[in-house]
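Asks: Just so we're aligned, residue -15 is where the sequence shown starts under this note's numbering, counting upward by one. Sharing a structure below in structure tokens format, with a few things to ask.
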Amino acid sequence: LASLQFVVNHLKVKVLVVLGHERCGAVKAAMLPLDNIEQEPSEFAQALTSIKSGLEENRLKLIRDVREQVREAICTHLKRQVEGLSLDKDIMTKVREQDLLIVAARSPPASL
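Below is the structure:
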């Protein structure tokens, strides 16, 4: 978040693109059981736990196809990242003043 705050406030960027990509290893790792995550180095485990907390795992478990589960998890994480940006007062002031546009996008599947 700090780097985004810097570019918005000091470099005066006009567009932030939050891009979810098809084979996001961090999201896939965050879908692992918590016991597995806790075996990782502390900083990485903390990042994965943070991602995991926003994934709505009970909803994801209703999806039987593992690929679709991962795709949905990536989309959910993407949504959470944009929601996180919306909590930043300075960023949202720029959005309201139409000085900044936040765009969420997901890269197409690798098969395309």
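Backbone N, C-alpha and C fix where the C-beta goes; we use that ideal spot for every residue, glycine too.
With DSSP as the reference, label residue 86 as helix, strand or coil.
Replies: Position 102 of the sequence shown, counted from the first residue, corresponds to residue 86. Three-state DSSP puts residue 86 in a strand.
Asks: Roughly how many angstroms lie between the CA atoms of residue 90 and residue 7, to the nearest whole one?
Replies: Taking the sequence shown and counting its residues from 1, the one referred to as residue 90 is at position 106. Taking the sequence shown and counting its residues from 1, the one referred to as residue 7 is at position 23. Cα-Cα distance, rounded: 11 Å.
Asks: With a threshold of 6 Å on Cβ separation, who are the neighbours of residue 81 within its own chain once the five nearest residues in sequence on each side are excluded?
Replies: As a working mapping, residue 81 is identified with position 97 in the sequence shown. Excluding sequence neighbours, residue 81 sits near nothing in its chain.
Asks: Rounded to whole angstroms, what is the Cα-Cα separation between residue 31 and residue 83?
Replies: What you label residue 31 is simply residue 47 of the sequence shown in a count that begins at 1. What you label residue 83 is simply residue 99 of the sequence shown in a count that begins at 1. So the two alpha carbons sit approximately 30 Å from each other.
Asks: With a threshold of 8 Å on Cβ separation, who are the neighbours of residue -8 within its own chain once the five nearest residues in sequence on each side are excluded?
Replies: Taking the first residue of the sequence shown as 1, we reach residue -8 at position 8. So the list reads 0, 74, 75, 78 and 84, once near-sequence residues are dropped.
Asks: Buried or exposed, going by whether 16 or more other CB atoms sit within 10 Å of the CB of residue 110?
Replies: In the structure as shown, the chain starts at -15 and stops at 96, and residue 110 therefore has no counterpart that could be examined.
Asks: Residue 4 bridges to which residues according to DSSP?
Replies: Within the sequence shown, residue 4 is the residue found at index 20, counting from 1. Answer by DSSP bridge pairing, in chain order: 90.
Asks: Going by DSSP, which residues form a beta bridge with residue -1?
Replies: For the purposes of this step, residue -1 is identified with residue 15 of the sequence shown, where counting begins at 1. Its beta-bridge partners are 85.
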